[in-house]
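Asks:
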Ligand SMILES: [Zn+2]
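Residue numbers (this note's numbering): 56 to 238.
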């Protein structure tokens, strides 16, 4: 596997920018709706479902901003992973809830394939002023952080990626979840 070049990533972003906006005006719920009881996290009414050895998102993921609701990630694309502690910088004035502290760690959606895996996402310029904690997945000594932001309203950071990298991580508590589709 080779890393996508800058040109590939810009091509992906340009393709997203030119595509018609994907939005389906869903009824969405914040992550906190799935936390009580904690055991519900792994049921099919929750946000994730075990597929093979992985747990993936069962619900479509949307921008949490009221009135935006941009479609960020489709079902089955994000893998549930946990890390040792919070990663994203916290700001008391931010609209985001604190990272949920689960016994297994801080949960994240890991998008491993490519920037094309998102339905809509924006990336910040590399942020050289913010150091992520050492337990951050994918972090290397020369990593330049690019924040994930809503492609439509710029709300963020919803997660992060790295300059030149193909992987990304979304904070489970900073996005909203659609209804389970009835088949
Ligand atoms: Zn938005």
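Using N, Cα and C, we set each Cβ at its ideal position, and we do this for glycine too. Remember, it's a predicted structure, so these values are computed and weren't measured experimentally.
Measure the C-alpha to C-alpha separation of residue 112 and residue 200 and round it to an integer number of angstroms.
Replies: Taking the first residue of the chain shown as 1, we reach residue 112 at position 57. Taking the first residue of the chain shown as 1, we reach residue 200 at position 145. Residue 112 and residue 200: Cα-Cα distance of roughly 24 Å.
Asks: Which residues in the same chain have their Cβ closer than 8 Å to the Cβ of residue 181, if we skip the five residues on either side of it in sequence?
Replies: Taking the first residue of the chain shown as position 1, residue 181 is located at position 126. Taken in chain order, the residues that qualify are 199, 200, 201 and 218.
Asks: Excluding sequence positions up to five away, which residues of its chain have a Cβ less than 7 Å from the Cβ of residue 174?
Replies: Working through the chain shown from its first residue, we reach residue 174 at position 119. Hits under 7 Å: 77, 126, 127, 128 and 129.
Asks: Scan the segment 111-165 and note each continuous alpha helix (DSSP H) run of 4 residues or more that stays entirely inside, going in chain order.
Replies: none
Asks: Mark residue 103 as exposed unless 16 or more other C-beta atoms lie within 10 angstroms of its C-beta, in which case mark it buried.
Replies: Position 48 of the chain shown holds residue 103. Classification for residue 103: buried.
Asks: Please report the Cβ distance between residue 154 and residue 141, rounded to the nearest whole angstrom; I am assuming they are in contact, meaning their Cβ atoms lie under 8 Å.
Replies: Numbered from its first residue, the chain shown carries residue 154 at position 99. Numbered from its first residue, the chain shown carries residue 141 at position 86. Residue 154 to residue 141, Cβ: 4 Å. Contact.
Asks: Tell me the DSSP bridge mates of residue 105?
Replies: In the chain shown, residue 105 corresponds to position 50, counting from 1. Looking at the DSSP assignment, residue 105 forms a beta bridge with 110.
Asks: Leaving out five residues on either side along the sequence, give the residues of the same chain with a beta carbon under 8 Å from the beta carbon of residue 161.
Replies: Walking along the chain shown from the start, residue 161 turns up at place 106. Once the five neighbours on either side are set aside, the close Cβ partners of residue 161 are 137, 138, 139, 140, 141, 142, 154 and 155.
Asks: Should residue 125 be counted as a contact of ligand 1 given a C-beta to heavy atom distance under 7 Å?
Replies: Taking the chain shown and counting its residues from 1, the one referred to as residue 125 is at position 70. Flag set: Cβ of residue 125 near ligand 1.
Asks: Taking just the CA atoms, how far does residue 232 sit from residue 192?
Replies: The residue labelled residue 192 in the question sits at position 137 within the chain shown. The residue labelled residue 232 in the question sits at position 177 within the chain shown. Cα to Cα, the separation comes out at about 23 Å.
Asks: Just checking my contact of residue 225 with residue 211 at CB under 8 Å: how many whole Å lie between their CB atoms?
Replies: Mapped onto the chain shown, residue 225 falls at position 170. Mapped onto the chain shown, residue 211 falls at position 156. Contact doesn't hold; Cβ gap of about 10 Å is too wide.
Asks: Could you check what DSSP says for residue 87 in three-state terms: helix, strand or coil?
Replies: As a working mapping, residue 87 is identified with position 32 in the chain shown. Note: residue 87 maps to helix in three-state DSSP.
Asks: Does ligand 1 have even one heavy atom less than 7 Å from the beta-carbon of residue 210?
Replies: Indexing the chain shown from 1 puts residue 210 at position 155. Checking every heavy atom of ligand 1 against the Cβ of residue 210, one is found closer than 7 Å.
Asks: Report, in whole angstroms, the separation of the C-beta atoms of residue 227 and residue 117, which I expect to be a contact under 8 Å.
Replies: Against the chain shown, residue 227 aligns to sequence position 172. Against the chain shown, residue 117 aligns to sequence position 62. Actually they do not touch by this definition, with Cβ atoms about 13 Å apart.
Asks: Across which residues does DSSP place residue 225 in a beta bridge pair?
Replies: For the purposes of this step, residue 225 is taken as residue 170 along the chain shown, with counting starting at 1. In the DSSP output, where bridge partners are listed per residue, residue 225 has 164 and 214.
Asks: Would you tell me roughly how many angstroms separate the C-alpha atoms of residue 229 and residue 108, rounded to the nearest one?
Replies: Here residue 229 refers to the residue found at position 174 of the chain shown. Here residue 108 refers to the residue found at position 53 of the chain shown. Cα to Cα, the separation comes out at about 25 Å.
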